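Student: There's a structure below that I have some questions on.
Number of protein chains: 4
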Amino acid sequence: MKYNNVEIDDTYAEAFPVTVSRVLITAATEYWAKVAATEATGFGTSVIGCPAEAGIDCFVPADKTPDGRPGYAIMIVQMGKDKLKEQLIERLGECVLTAPTAAAFNWLPFERLEDKTQEKRLDVKLHFFGDKFEYQTEVGGRKVWAIPIMNGDFIVEEEYGYKKGVGGGNFFIMGETQGSALMAAQAAVDAISHVEGCITPFPGGIVASGSKVGSKYKFMKASTNEKMAPSLKGKVESQLPPEAKAAYEIVIDGIDEAAVAKAMTVGIKAACKIPGVVKISAGNYGGKLGPFKFELVKLLQ
Amino acid sequence: MKYNNVEIDDTYAEAFPVTVSRVLITAATEYWAKVAATEATGFGTSVIGCPAEAGIDCFVPADKTPDGRPGYAIMIVQMGKDKLKEQLIERLGECVLTAPTAAAFNWLPFERLEDKTQEKRLDVKLHFFGDKFEYQTEVGGRKVWAIPIMNGDFIVEEEYGYKKGVGGGNFFIMGETQGSALMAAQAAVDAISHVEGCITPFPGGIVASGSKVGSKYKFMKASTNEKMAPSLKGKVESQLPPEAKAAYEIVIDGIDEAAVAKAMTVGIKAACKIPGVVKISAGNYGGKLGPFKFELVKLLQ
Amino acid sequence: MKYNNVEIDDTYAEAFPVTVSRVLITAATEYWAKVAATEATGFGTSVIGCPAEAGIDCFVPADKTPDGRPGYAIMIVQMGKDKLKEQLIERLGECVLTAPTAAAFNWLPFERLEDKTQEKRLDVKLHFFGDKFEYQTEVGGRKVWAIPIMNGDFIVEEEYGYKKGVGGGNFFIMGETQGSALMAAQAAVDAISHVEGCITPFPGGIVASGSKVGSKYKFMKASTNEKMAPSLKGKVESQLPPEAKAAYEIVIDGIDEAAVAKAMTVGIKAACKIPGVVKISAGNYGGKLGPFKFELVKLLQ
Amino acid sequence: MKYNNVEIDDTYAEAFPVTVSRVLITAATEYWAKVAATEATGFGTSVIGCPAEAGIDCFVPADKTPDGRPGYAIMIVQMGKDKLKEQLIERLGECVLTAPTAAAFNWLPFERLEDKTQEKRLDVKLHFFGDKFEYQTEVGGRKVWAIPIMNGDFIVEEEYGYKKGVGGGNFFIMGETQGSALMAAQAAVDAISHVEGCITPFPGGIVASGSKVGSKYKFMKASTNEKMAPSLKGKVESQLPPEAKAAYEIVIDGIDEAAVAKAMTVGIKAACKIPGVVKISAGNYGGKLGPFKFELVKLLQ
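In order, the protein sequences belong to chains A, B, C and D. Position in the first sequence (from 1) plus 2 gives the number in my numbering. Position in the second sequence (from 1) plus 2 gives the number in my numbering. Position in the third sequence (from 1) plus 2 gives the number in my numbering. Position in the fourth sequence (from 1) plus 2 gives the number in my numbering.
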């Protein structure tokens with residue numbers, strides 16, 4: 003299949019079940035909300051080596067937030083709920099409680115969620131930091147805790163929702179040059195940033211180093227995917243087309259399959275608008291990794 | 003003492019020994035270097051709840067870097083070298099190796115360091131990711147590894163330096179309003195950002211939630227410092243002057259005492275230029291926490 | 003009247019008729035669209051000394067733009083259509099045609115506009131730059147010109163819409179400190195940035211120097227409004243409350259009265275959430291300046 | 003000549019005399035200094051259609067500025083001193099006087115300038131805005147005016163320096179793709195941004211639309227340079243190499259020849275590090291335009 007003259011590989015992205023929380027961080031201004039959201043979602047590209055996968059999902063305007071201040075919805079992703087709870091405690095406790103003028107609200111249930119029973123609660127309980135000076139109050143119809151801190155009272159909920167989500171949605175962008183592939187990857191990340199319910203957790207939303215399972219070094223569980231490395235063309239069997247000299251991968255974690263599917267669709271379409279993009283593909287493990295399949299051709303129809 | 007009409011508390015900041023690495027992250031453009039540096043230093047405010055303390059130290063222009071590209075020096079801080087090594091592996095492996103066009107160089111020895119024997123090496127060995135396609139080469143006179151990845155070859159060193167540093171340098175800014183205290187905190191962080199060899203690891207460089215050791219809840223090791231909370235004025239004995247309605251703390255980790263001292267000095271001076279700042283103080287534990295003392299009055303003389 | 007404990011002056015903002023164009027600037031990525039939009043709207047705070055009033059109205063996502071790329075709607079404002087046409091020619095010709103990957107579309111008719119006859123057209127005709135290599139084509143259902151330039155073909159329309167709009171909507175924020183007033187002004191600008199059909203043309207959206215008509219110097223048409231200057235309190239009759247030590251003004255230009263009214267409403271509400279804001283007022287000339295009146299108390303009811 | 007495997011055209015950039023002022027804009031924080039500097043230098047790409055050429059030269063740290071606050075040096079460029087004075091009045095009066103917490107200092111004499119007699123003064127006299135409430139005072143050893151405005155007193159000098167400078171320094175970057183050419187242009191602009199005494203006035207520092215003198219349309223003085231347009235390859239005699247599909251130009255205005263030469267040198271070297279760059283050239287008019295010649299090959303030796 004061709005989309006906008008770019009070859010679309012007849013393959014699928016394989017994704018797996020994850021556990022997801024979604025938190026709204028508000029602040030006095032958009033800048034301070036973003037500062038807190040950025041710190042709270044850093045060091046969060048892959049659960050293989052990071053304590054969680056995390057990222058900013060979307061901006062939430064003041065008229066949609068419980069406290070009437072602007073905010074950013076972030077997503078924190080782990081395999082199971084225990085590690086997720088630990089990450090909520092640490093990332094909200096160390097990076098939002100400490101951030102100027104910030105507040106943290108549960109941002110599940112996700113509004114599109116029809117079956118609300120899917121969503122469950124983790125008792126994060128940051129209010130104990132208040133040393134019995136904390137008190138319960140109401141903000142935007144929610145029961146919250148107020149913890150007296152140095153810049154006023156920090157507003158936080160006692161419990162945060164979590165649900166099963168979809169991790170590892172992905173696609174590859176192969177370009178004639180590093181510059182064209184990277185411009186296309188950026189265009190894809192821009193487009194995906196406006197899809198609610200998903201994140202692209204890697205640096206700037208983009209992966210420069212594709213990996214495969216296993217290694218010639220027995221102590222390594224994963225290693226570089228040499229078939230996608232332009233400097234190994236001619237030395238190994240390459241998956242890059244002859245005219246491609248660079249590739250990037252976009253990895254997507256979503257609140258559900260629909261979010262990942264939409265993100266992949268708009269991301270691929272945006273990438274295909276950039277001159278010099280020659281092929282789009284996706285990564286899978288023949289169905290061994292996970293139950294979710296996103297077929298590229300179907301997404302673009 | 004008064005500085006620029008602001009009361010300077012006659013006290014000192016108490017700091018403690020930490021273990022520090024300093025890494026230079028370069029990329030094709032300043033933007034992509036900052037993207038990688040930001041991800042690699044996120045979720046890094048306090049070792050109490052974060053896997054490390056981390057932050058961007060300073061920009062390094064292209065004519066000073068081994069590969070002639072622009073970069074940012076970051077610092078990663080932990081209590082001991084084993085945890086620091088683990089953090090180097092994960093933060094460089096997950097957040098720099100994966101970042102578009104990035105490279106990672108050891109950025110110790112610190113140029114001001116007279117006694118080079120202070121600096122030791124950790125064998126981070128990210129090159130095993132290369133699955134035996136990696137090769138050794140030279141960049142800017144350094145022996146480095148090149149790992150073939152999707153956007154070209156990732157350049158990384160085998161070992162990264164570490165040394166004993168100083169953690170927990172700090173000062174407090176008390177303002178007539180939240181806005182004046184925060185503007186002063188931002189001015190302080192701006193000034194400190196140009197001091198080489200230190201970071202302000204909290205969100206945007208600023209701490210909104212001061213803490214004390216211990217809590218009425220026995221399972222909590224630390225809790226809010228009620229004496230610094232404006233909303234508890236009148237209910238507890240307050241350390242805030244009558245006219246202060248908000249406070250922020252700046253926490254500084256440095257490569258050595260000189261870096262922390264300089265950062266505190268320029269930060270306090272910058273804060274004192276902002277209208278509405280009424281008092282500067284600092285946090286200590288009567289000498290129980292650590293061997294480093296930074297007396298405010300001496301710094302400003 | 004009090005709103006969120008802030009005194010709302012029982013007065014009105016007086017605004018006047020202006021002529022407005024609205025242009026959509028798209029690019030390969032959001033970053034490059036913003037670069038072009040920022041350059042094209044710079045040096046555009048007040049028609050008293052700038053060649054136009056100009057600013058970024060709002061982000062337009064890729065699925066709403068003619069070329070399927072992300073963009074920013076900008077507004078350019080002048081008193082009459084001839085000067086406006088000149089500004090369209092120069093600002094689009096010098097700052098968008100020259101910008102990497104950019105394109106420029108007419109972004110009137112404004113979708114809320116019921117009476118489409120209000121909108122008229124200016125023949126901007128940038129395509130002559132093409133030196134007869136330009137050609138007409140269609141993008142997103144629009145007839146456009148394509149001009150071959152160094153990075154591909156620049157897409158531009160032959161005519162751009164204009165309509166009568168409203169200039170000089172305004173309100174004042176008075177704060178206990180410079181920091182609280184500025185934080186509130188920033189919160190107001192953040193909120194207004196999400197109202198479609200208006201701009202806040204001053205630096206960062208904020209005015210630090212209020213002015214009055216006339217001067218003791220006969221050659222000056224306008225001069226500082228001493229009644230709003232905190233450093234002149236006690237020397238002149240002040241309009242600042244005793245506890246106010248700084249003030250900022252937000253000036254708004256809108257596509258119509260509804261846009262200005264909404265912008266003022268959300269801006270004032272956002273400002274009143276910031277601690278240390280003591281009073282909101284507005285500027286008028288007793289009805290001599292213009293036919294549009296925005297009464298603060300009515301806006302907040 | 004080849005530099006880093008990129009063909010360097012054996013040609014020169016031709017530049018012409020201009021009149022330059024350099025102004026330091028300081029503010030309470032780096033952010034607010036940048037806001038004022040950005041507004042004051044907008045709509046300033048080319049004197050052909052803009053009221054001036056203008057841009058941010060470099061960041062000036064707080065310990066180097068007269069008021070001990072951080073700032074940005076901007077440059078404003080016109081052909082002669084009368085138009086330059088007019089632009090100083092309007093850009094400083096409308097975009098800096100009005101900007102939150104800003105101040106404006108003369109930032110000539112340029113420290114590298116040996117012959118100080120080269121520098122002359124324009125009486126900008128913004129202090130008349132003060133309506134006789136203004137007063138003279140001293141800041142950092144300079145005699146300045148303080149004008150009472152809404153957020154405190156605005157500090158401004160009475161006169162601003164100007165000198166003869168060099169306009170239109172330039173080079174072209176030709177890339178295999180739009181993405182590689184643009185990444186290289188960005189790398190060049192990054193590098194040049196650290197050269198003191200020069201600006202790259204076009205959007206983001208980059209020109210996407212090369213022009214030639216004259217046009218088939220008699221009323222147009224300049225038109226697209228079809229020889230550099232990739233979409234006209236095959237239709238006209240092209241100056242792009244066969245493998246180049248896009249080009250960008252970097253235009254540089256400098257305080258003197260040395261600044262332009264250094265900017266061109268570091269810019270070209272940075273561009274040549276980006277994969278996919280195939281050729282660097284420069285624009286000249288056979289010596290008819292101006293007396294300054296910058297030979298590419300000499301710059302890179």
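Virtual Cβ for every residue (Gly too), placed ideally from N, Cα, C. All of these numbers come straight from a predicted model, not from anything done at the bench.
1. Who pairs with Asn227 (chain C) in a beta bridge, going by DSSP?
2. Could you run through the segment 213 to 246 of chain C and flag, in chain order, every residue whose CB is less than 9 Å away from some CB of chain D?
3. Run through DSSP, which three-state label would Gly154 (chain A) get?
4. Could you check if Thr100 (chain C) is buried or exposed, using at least 16 other CB atoms within 10 Å of its CB as the buried criterion?
5. Would a C-beta distance cut-off of 9 Å place Glu198 (chain C) and Ala39 (chain C) closer than the cut-off?
6. Which runs of the beta strand (DSSP E) fall wholly inside the segment 151 to 236 of chain A and span at least 3 residues, in chain order?
7. Would you identify the three-state DSSP class for Ile276 (chain A), choosing helix, strand or coil?
8. Put Thr13 (chain D) into one of helix, strand or coil per three-state DSSP.
9. Distance, Cα to Cα, Val8 (chain A) vs Gln180 (chain D)?
10. At a Cβ cut of 8 Å, what residues of the segment 176 to 202 of chain C count as close to chain B, listed as they run along the chain?
11. Kindly list, in the order they appear in chain C, the residues whose Cβ is closer than 8 Å to that of Ile276 (chain B).
12. Considering just the uninterrupted stretch of the alpha helix (DSSP H) at Ile91 (chain D), what are its terminal residues?
13. By DSSP's criteria, Ser305 (chain A) is part of a beta bridge. Which residues make up the other side?
14. With a cut-off of 8 Å on the beta carbons, I'd call Gly46 (chain C) and Gly44 (chain D) a contact; round off their distance for me.
15. Can you grab the Cα-Cα spacing for the pair Gly95 (chain A) / Thr13 (chain B), in whole Å?
16. Using only CA atoms, which one of C:Met230, C:Glu251 and C:Val253 lies nearest to Pro243 (chain C)?
17. Rank B:Leu26, B:Pro277, B:Ala263 and B:Gly288 by C-alpha distance to the C-alpha of Gly177 (chain C) and give the top, closest one.
18. Please list the segments of the beta strand (DSSP E) lying wholly inside the segment 10 to 57 of chain B, counting only runs of 3 or more residues, in order along the chain.
19. Rounded to the nearest angstrom, how far is the Cβ of Gly167 (chain B) from that of Val20 (chain B), given a contact under 8 Å?
20. Note down, in chain order, every chain B residue with its Cβ under 7 Å from the Cβ of Arg71 (chain D).
21. Using the Cβ count rule (16 or more neighbours within 10 Å means buried), how would you classify Pro232 (chain D)?
22. Could you tell me whether the Cβ of Ala249 (chain C) comes closer than 9 Å to any Cβ of chain B?
23. Of the residues that make up the segment 128 to 151 of chain C, which ones have a beta carbon closer than 8 Å to any beta carbon in chain A?
24. So Lys295 (chain A) is in the beta strand (DSSP E); what residue range does that whole segment cover?
25. Output yes if chain A places a C-beta closer than 9 Å to the C-beta of Thr31 (chain C); else output no.
26. Which term fits Val215 (chain C), buried or exposed, when burial requires 16 or more other beta carbons within 10 angstroms of its beta carbon?
27. Considering only C-alpha positions, which residue in the set A:Pro293, A:Ala246, A:Gly212 and A:Arg24 is nearest to Asp133 (chain B)?
28. Strictly under 9 Å for the Cβ-Cβ distance: is Asp65 (chain D) near chain B by that measure?
29. Thinking just about the alpha-carbon of each residue, which of C:Gln303, C:Leu291 and C:Val98 is nearest to the one in Ile149 (chain C)?
30. Excluding the five sequence neighbours on either side, which residues of its own chain have a C-beta within less than 6 Å of the C-beta of Gly292 (chain A), listed in chain order?
31. Chain B partners of Ala272 (chain D), CB-CB under 7 Å?
32. When the distance is taken between beta carbons, is Asp255 (chain B) closer than 9 Å to Glu175 (chain B)?
33. Closest by CA to Lys281 (chain B), which one among B:Ile10, B:Ser182 and B:Gly169?
34. Val268 (chain D) CB to nearest chain B CB: under 9 Å?
35. May I have the straight-line CA-CA distance separating Lys127 (chain B) from Val268 (chain C), to the nearest angstrom?
Tutor: To lay it out plainly:
1. Here residue 227 (chain C) is taken as the residue at index 225 of the third sequence, counted from 1. Answer is none; Asn227 (chain C) lacks a bridge partner.
2. Ser213, Lys214, Gly216, Ser217, Lys218, Tyr219, Phe221, Met222, Ala224, Ser225, Thr226, Asn227, Glu228, Met230, Ala231, Pro232, Ser233, Leu234, Lys237, Val238 and Leu242
3. Locating residue 154 (chain A) in the first sequence gives position 152, where the first residue counts as 1. Three-state DSSP puts Gly154 (chain A) in a strand.
4. Reading the third sequence from its first residue, position 98 is the one you call residue 100 (chain C). With 16 or more Cβ atoms within 10 Å of its Cβ, Thr100 (chain C) is classed as buried.
5. Within the third sequence, residue 198 (chain C) is the residue found at index 196, counting from 1. Within the third sequence, residue 39 (chain C) is the residue found at index 37, counting from 1. No, Cβ-Cβ distance for Glu198 (chain C) and Ala39 (chain C) is not below 9 Å.
6. 154 to 158, 161 to 177, 213 to 215 and 224 to 226
7. Taking the first residue of the first sequence as position 1, residue 276 (chain A) is located at position 274. Ile276 (chain A) falls in the coil class under three-state DSSP.
8. Locating residue 13 (chain D) in the fourth sequence gives position 11, counting from the first residue. Three-state DSSP puts Thr13 (chain D) in coil, outside helix and strand.
9. Locating residue 8 (chain A) in the first sequence gives position 6, where the first residue counts as 1. Locating residue 180 (chain D) in the fourth sequence gives position 178, where the first residue counts as 1. If I take the Cα positions, the gap works out to 16 Å.
10. Gly177, Glu178, Thr179, Gln180, Gly181, Ser182, Ala183, Leu184, Met185 and Ala186
11. Translated into positions along the second sequence, residue 276 (chain B) becomes position 274. Residues of chain C passing the Cβ test: Gln180 and Gly181.
12. On the fourth sequence, position 89 is the one that residue 91 (chain D) refers to. Looking at the DSSP string, the run of the alpha helix (DSSP H) that includes Ile91 (chain D) is Lys83 to Cys97.
13. Nothing can be reported for residue 305 (chain A), as the shown portion of chain A is limited to 3 through 303.
14. Taking the third sequence and counting its residues from 1, one reaches residue 46 (chain C) at position 44. Taking the fourth sequence and counting its residues from 1, one reaches residue 44 (chain D) at position 42. The beta-carbon separation of Gly46 (chain C) and Gly44 (chain D), rounded to 7 Å, stays under the 8 Å limit for a contact.
15. Taking the first sequence and counting its residues from 1, one reaches residue 95 (chain A) at position 93. Taking the second sequence and counting its residues from 1, one reaches residue 13 (chain B) at position 11. Taking the straight line from one Cα to the other gives about 28 Å.
16. Taking the first residue of the third sequence as 1, we reach residue 243 (chain C) at position 241. If we check each option's Cα against that of Pro243 (chain C), C:Met230 comes out closest.
17. As a working note, residue 177 (chain C) is residue 175 in the third sequence. For Gly177 (chain C), the nearest C-alpha among the options comes from B:Pro277.
18. 14 to 28
19. The sequence position of residue 167 (chain B) within the second sequence is 165, counting from 1. The sequence position of residue 20 (chain B) within the second sequence is 18, counting from 1. About 5 Å separates the beta carbons of Gly167 (chain B) and Val20 (chain B), which is inside the 8 Å limit, making them a contact pair.
20. For this step, residue 71 (chain D) is matched to residue 69 along the fourth sequence. Within 7 Å Cβ-Cβ: Lys275.
21. For the purposes of this step, residue 232 (chain D) is taken as residue 230 along the fourth sequence, with counting starting at 1. Counting the other CB atoms within 10 Å of its CB gives Pro232 (chain D) a total of 16 or more, which places it among the buried residues.
22. Along the third sequence, read from residue 1 onward, the residue named residue 249 (chain C) stands at position 247. False, the Cβ-Cβ gap to chain B never drops below 9 Å.
23. none
24. On the first sequence, position 293 is the one that residue 295 (chain A) refers to. Start and end: Phe294 to Glu297.
25. Residue mapping note: residue 31 (chain C) aligns to position 29 of the third sequence, counting from 1. Closer than 9 Å to some Cβ of chain A, the Cβ of Thr31 (chain C) qualifies, so yes.
26. On the third sequence, position 213 is the one that residue 215 (chain C) refers to. Exposed, by the Cβ-count rule.
27. Counted from its first residue, the second sequence places residue 133 (chain B) at position 131. For the residues A:Pro293, A:Ala246, A:Gly212 and A:Arg24, the minimum Cα distance to Asp133 (chain B) belongs to A:Gly212.
28. The residue given as residue 65 (chain D) occupies position 63 in the fourth sequence. Cβ-Cβ to chain B under 9 Å: yes for Asp65 (chain D).
29. Walking along the third sequence from the start, residue 149 (chain C) turns up at place 147. The shortest CA-to-CA distance from Ile149 (chain C) to any of C:Gln303, C:Leu291 and C:Val98 is the one to C:Val98.
30. Taking the first residue of the first sequence as position 1, residue 292 (chain A) is located at position 290. So the qualifying residues of the chain are Glu16, Ala17 and Phe18.
31. Position 270 of the fourth sequence, counted from the first residue, corresponds to residue 272 (chain D). The contacting residues are Ala64.
32. Reading the second sequence from its first residue, position 173 is the one you call residue 175 (chain B). Reading the second sequence from its first residue, position 253 is the one you call residue 255 (chain B). The displayed chain sequence assigns Ile, not Glu, to residue 175 (chain B). Against a cut-off of 9 Å, the Cβ pair of Asp255 (chain B) and Ile175 (chain B) comes out as no contact.
33. As a working note, residue 281 (chain B) is residue 279 in the second sequence. Residue B:Ile10 is the option with its Cα nearest to Lys281 (chain B).
34. The residue labelled residue 268 (chain D) in the question sits at position 266 within the fourth sequence. Yes, Val268 (chain D) lies at the interface with chain B (some Cβ there is under 9 Å from its Cβ).
35. In the second sequence, the residue the question calls residue 127 (chain B) occupies position 125. In the third sequence, the residue the question calls residue 268 (chain C) occupies position 266. One C-alpha to the other measures close to 54 Å.
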